[in-house]
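Respectively, the protein sequence lines represent chains L and E.
All residue numbers for the first sequence refer to our numbering, where the first residue is 722 and numbers rise by one.
All residue numbers for the second sequence refer to our numbering, where the first residue is 25 and numbers rise by one.
One structure is given below, encoded as structure tokens.
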Amino acid sequence: MIEANEFPDLSRRYRVSAVPQTVFTSAASPEPRVLVGGGPPERFLGELFTVARVRLEDHLGDEGSAER
Amino acid sequence: MIPERDQAIIRDRFQAELVNPVTIDLFIRPETGLFIPGRQPTTSRETRQLLEEVAALSDKIALNVVDVTSDPAAAAAANVTEVPTIIIRGPEDGRVRMLGIPSGYEFATFIETIVSVSSGNFGIDDEVVKILDTIADPVDVQVFVTPT
Numbered sequence: 722m723i724e725a726n727e728f729p730d731l732s733r734r735y736r737v738s739a740v741p742q743t744v745f746t747s748a749a750s751p752e753p754r755v756l757v758g759g760g761p762p763e764r765f766l767g768e769l770f771t772v773a774r775v776r777l778e779d780h781l782g783d784e785g786s787a788e789r
Numbered sequence: 025m026i027p028e029r030d031q032a033i034i035r036d037r038f039q040a041e042l043v044n045p046v047t048i049d050l051f052i053r054p055e056t057g058l059f060i061p062g063r064q065p066t067t068s069r070e071t072r073q074l075l076e077e078v079a080a081l082s083d084k085i086a087l088n089v090v091d092v093t094s095d096p097a098a099a100a101a102a103n104v105t106e107v108p109t110i111i112i113r114g115p116e117d118g119r120v121r122m123l124g125i126p127s128g129y130e131f132a133t134f135i136e137t138i139v140s141v142s143s144g145n146f147g148i149d150d151e152v153v154k155i156l157d158t159i160a161d162p163v164d165v166q167v168f169v170t171p172t
């Protein structure tokens, strides 16, 4: 968590225009994913899984595994 | 900095909900009072005072203050590049960081984080935790906030 006013350089680097703004980065994903504002946890997890290269269909239990 | 009434509420909350010991590392740069070109003043002093008051509210909380000017090696080892940086460490070690003073609304977030790290309960569904466990490469999640 970063106090945006105290660290203007970091805020500029990630083009923070409104808070909260969440920036997801990973060595596995070249481009950061950005989520502006709050919203449901599903959106947060969606961005997190995208950056982490997690394939949700691998985790959907019976329906997911039946296809493989 | 923390009003007496709030101190009592937080003390009770810590008493009831803290499970494992928590160590808070605070990286600061003491202000010299001199103007140094290119160096902005930081909230190091206020943050230190605030965290000392919070740490005094439970014997399960240890505060470890690091001066990055006299101990740059410790800052480098923890990958700390900004001050003040707060690292909250429990039994699972410290992946939760706050940059800047946790004041205003962020003070509540700070207290919640201490409780979560100590108890290991982040209120996340077991199903989701299972998926999170499969993540191989570290992901950095930076949440930009303001105190109001």
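All C-beta atoms, glycine included, are put in the ideal place defined by N, C-alpha and C.
| Length of the line joining the Cα atoms of E/Ser140 and E/Pro65 | Roughly 31 angstroms separates the two Cα atoms.
| said: Does the CB of L/Ala739 have a neighbour CB from chain E at under 7 angstroms? | reply: Contact of L/Ala739 with chain E is not assigned, every C-beta pair being separated by 7 angstroms or more.
| C-alpha gap between E/Asn44 and E/Ala132, whole angstroms | Their backbone Cα atoms lie some 20 angstroms apart in a straight line.
| query | Buried or exposed: E/Thr172, going by 16 or more other Cβ atoms within 10 Å of its Cβ? | reply | Counting Cβ neighbours within 10 Å, E/Thr172 comes out exposed, since fewer than 16 surround it.
| query | Using the C-alpha atoms, what's the distance from L/Leu777 back to E/Ile111? | reply | Take the alpha-carbon of E/Ile111 and the one of L/Leu777: they are about 31 angstroms apart.
| task | Report back the beta-carbon spacing between L/Val757 and E/Gln166 to the nearest angstrom; my notes put them in contact at under 8 angstroms. | result | Rounded to whole angstroms, the Cβ separation of L/Val757 and E/Gln166 is 13 angstroms, and the two are not in contact under 8 angstroms.
| task | Give a yes or no on contact between the region 89-104 of chain E and the region 133-153 of chain E, applying the rule of three or more CB pairs nearer than 8 angstroms. | result | As far as the Cβ criterion goes, the region 89-104 of chain E does not touch the region 133-153 of chain E, which means the pair count is below three.
| request: Quick one: residues in its chain with C-beta nearer than 7 angstroms to the C-beta of E/Leu81, no 5 flanking neighbours on either side, listed in chain order? | output: Gln31, Ile34, Arg35, Phe38.
| message | Using DSSP's beta-bridge definition, name the partner residues of L/Leu756. | response | Partner residues in the beta bridge of L/Leu756, as assigned by DSSP, are L/Thr743.
| query | Buried or exposed: which applies to E/Thr71, given that a residue is buried once 16 or more other Cβ atoms fall within 10 Å of its Cβ? | reply | Counting Cβ neighbours within 10 Å, E/Thr71 comes out buried, since at least 16 surround it.
| task | Note down the Cα distance separating E/Glu41 from E/Ile60, rounded to an integer number of angstroms. | result | In a straight line, the C-alpha of E/Glu41 is about 44 angstroms away from that of E/Ile60.
| message | Quick check: what's the CA-CA separation for E/Gly114 versus E/Asp49? | response | Straight through space, the alpha carbons of E/Asp49 and E/Gly114 are spaced by roughly 11 angstroms.
| Can you find a C-beta in chain L that's less than 7 angstroms from the C-beta of E/Thr170? | So yes, E/Thr170 belongs to the interface.
| request: Would you kindly report the start and end of the unbroken alpha helix (DSSP H) that includes E/Ala32? | output: Looking at the DSSP string, the run of the alpha helix (DSSP H) that includes E/Ala32 is 28-41.
| Got a sec, what are the start and stop residues for the alpha helix (DSSP H) E/Ile138 sits in? | If you look at E/Ile138, you'll find it in the alpha helix (DSSP H) that goes 129-143.
| query | What are the residues of the region 747-780 of chain L that lie near chain E, defined by any Cβ-Cβ distance shorter than 7 angstroms? | reply | Taking 7 angstroms as the upper bound on Cβ-Cβ separation, chain E lies near residues Ser747, Ala748, Ala749, Leu766, Leu769, Val772, Ala773, Val775, His780 of the region 747-780 of chain L.
| request: Compare the C-alpha of E/Val163 against each of L/Gly760, L/Pro753, L/Pro761 and name the closest. | output: Nearest in C-alpha terms to E/Val163, of all of L/Gly760, L/Pro753, L/Pro761, is L/Pro753.
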